[in-house]
Amino acid sequence: MLGDTLPWFLPLFVFSLLAWIFYEAIEGFLQRKNSDFTPKGLAALRWLPAIQLMVMLLNRSIAVVQRDLSHIEVAQYLGPGEFRTHDLKLILVGDGGVEIICLGIVLFVLFSDRLPSLSKSQLEIRYKFRNRLMLFSGIMLLSASTLLFPEEVYYNPSSYPLEPFGSLPPLSAKIPLALLGFLVMFGGELFAVSTLFLAGDNFQKIAQRARLKVALFALITIFWLSRHLEHENNWVQQIPDSGLLLPLVLFLHIAVSLAVSIQPAVRIESELNHGEGRSLGMLVLTGGMAVLILVLTPIHLAEIGIFGPELGPYVYGVWMAAVTVSAMMLVQFLPTLGFDAAPRPEIWWMKMTLVFSPIIISFFTPFAIFLIPAIWLVLPWSTLTPWFVEKDVLSPSFSFVFSPVVIMTIMCATVPFASNEPFLAALWFGWVPGAMTSIGLMLHIKQTGKISSSKLAEE
């Protein structure tokens, strides 16, 4: 198989994804060299993952057509014999389905600078959009690479089945993979837009469309998770061995956070002033967010019953929450080192740390997904707090914005525990405070703009 004939192939694929993550830095270095090789070298870096995925698919397709029994999938489901058109289904429902979805993601990224929504943007801005999408997709695919591309699938096994067993899996088995792909693509659009806020209003159309697409596929994903997990006993214990379940939940979290809180906050925070009382606001915000994460995460772990009835879930939950909160506080020093390309860089880095912390911690424990309910509830407050604490900005109405968000936060923190599956219930309702905050503050900004325009007209 591919791993036996080309043992360097999978490691090279990992390095090609790393090149995508650091593409902007590599591009800047090569352009400073001003060499004739630079355009060709950059094109090779961009297209290397796509070419490798095409090679994987070609290798798998040839094996299916030739009924090559050295491929474990062919030996398991097809066996020896003549090729039939029906055999091609194995490419979709087997490990080739992963390669097809990943190739779709990669090609979407490579041609993202030609999206119709970007047609009126400058070429440089479109390339920056593509580069940020490469960064996001590279991180997502690399973080799930051991699950998406397990080595045993690309090497000859020690023994083969004597005869095929079982029928081909149904196409429905690839639903979570398809959902994962859509969440990465459209979540990546929102990530790229939110990191390019200096581009002005060029990306508003693509941001609106991406939010709608993320909302649609997030709801489908939560519905699929609910239907799938309600038939599984002790699904939490099976997370490490459940294939795509862990990355699907993590990518759902990333996409929803970007759509509901992160991307709208870029526009909202740009309307803040210099920040009189900013230090007090950061202190209140950090303390409140830390308390909610430290309290809610252990309670969710206690509900699943994995760690016993005593202090086990609380100790484990406090450990995960403490790591997240510590990282959230440490990154506030990044703006002093020059990482300040955001309207409010301290809050920006705090948010991004919260959003990506479950993925980082999941390398050590799959129970990192139980940070998600608390993170979804605290993210809106990172946007809302400055509007009520800082003195040089017109605060929204308490009754229209603040009080409803407080009530909904309390409800979304407590009501899920009345369900048999508190985690799933938290996924169904946890996005509501973020949506309320973004909508309320955007309406406030629009109303404030109308008041300012009317005053100028009167003068």
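Residue numbering for the sequence shown follows my numbering, beginning at 9 and increasing consecutively.
C-beta: ideal position from N, C-alpha, C; glycine also.
Source: prediction; values computed, not measured.
Can you look up residue i in the DSSP assignment and give me helix, strand or coil?
i, result
"Val-106", "helix"
"Gln-455", "helix"
"Asn-42", "coil"
"Trp-232", "helix"
"Phe-17", "helix"
"Glu-429", "coil"
"Val-244", "coil"
"Phe-173", "coil"
"Glu-132", "helix"
"Pro-88", "coil"
"Arg-217", "helix"
"Leu-253", "helix"
"Lys-399", "coil"
"Phe-437", "helix"
"Leu-464", "With a pLDDT of 38 at Leu-464, under the threshold of 50, the modelled position of that residue is not reliable, and the figure given next carries that caveat. Leu-464 falls in the helix class under three-state DSSP."
"His-79", "coil"
"Ala-152", "coil"
"Arg-352", "coil"
"Gln-74", "coil"
"Leu-143", "helix"
"Ser-120", "helix"
"Val-22", "helix"
"Glu-32", "helix"
"Tyr-162", "helix"
"Asn-67", "helix"
"Leu-258", "helix"
"Ser-278", "coil"
"Leu-204", "coil"
"Phe-157", "coil"
"Ser-125", "helix"
"Ser-411", "helix"
"Ser-180", "helix"
"Pro-404", "coil"
"Ser-167", "coil"
Is the distance from the Cβ of residue i to the Cβ of residue j below 7 Å?
i, j, result
"Phe-116", "Met-62", "no"
"Gly-11", "Tyr-168", "no"
"Leu-149", "Leu-25", "yes"
"Pro-351", "Ser-278", "yes"
"Leu-53", "Ala-83", "no"
"Thr-46", "Leu-56", "no"
"Thr-305", "Phe-378", "yes"
"Gly-102", "Glu-81", "yes"
"Leu-98", "Val-72", "yes"
"Gly-189", "Ile-262", "no"
"Ser-151", "Ile-367", "yes"
"Ala-330", "Pro-321", "no"
"Ala-58", "Val-22", "no"
"Asp-400", "Glu-284", "yes"
"Thr-393", "Leu-293", "yes"
"Leu-204", "Lys-136", "yes"
"Arg-138", "Asp-121", "yes"
"Leu-256", "Pro-178", "no"
"Val-397", "Ile-312", "no"
"Ile-29", "Ile-147", "yes"
"Thr-391", "Ile-276", "yes"
"Gly-87", "Glu-171", "yes"
"Ser-166", "Val-274", "no"
key: Touching by the beta-carbon criterion (3+ pairs, under 8 Å), the stretch 220-227 and the stretch 251-258   = No, because fewer than three Cβ pairs between the stretch 220-227 and the stretch 251-258 fall closer than 8 Å, the two stretches do not touch.
request  = Output the residue ranges of the alpha helix (DSSP H) runs that lie fully inside the stretch 284-344 and measure 4 residues or longer, sorted by chain position.
outcome  = Within the stretch 284-344, the complete alpha helix (DSSP H) runs of at least 4 residues are 286-312 and 320-338.
key: Segment contact flag, the stretch 428-448 with the stretch 258-278, C-beta cutoff 8 Å, min 3 pairs   = The stretch 428-448, when compared against the stretch 258-278, does touch it at the 8 Å Cβ threshold.
task = Decide if the stretch 387-399 is in contact with the stretch 354-367; the criterion is three or more beta carbon pairs, one per stretch, under 8 Å apart.
result = With the cut-off at 8 Å, the stretch 387-399 and the stretch 354-367 touch.
Contact the stretch 290-299 vs the stretch 321-337: 3+ CB pairs below 8 Å = With the cut-off at 8 Å, the stretch 290-299 and the stretch 321-337 touch.
query = Looking at C-beta atoms only, is the number of pairs between the stretch 448-457 and the stretch 396-406 that lie closer than 8 Å three or more?
reply = Three or more Cβ pairs closer than 8 Å define a contact, and the stretch 448-457 meets that threshold against the stretch 396-406.
key: Complete alpha helix (DSSP H) runs within the stretch 358-399 (minimum length 4 residues, chain order)   = Qualifying alpha helix (DSSP H) stretches, in chain order: 380-397.
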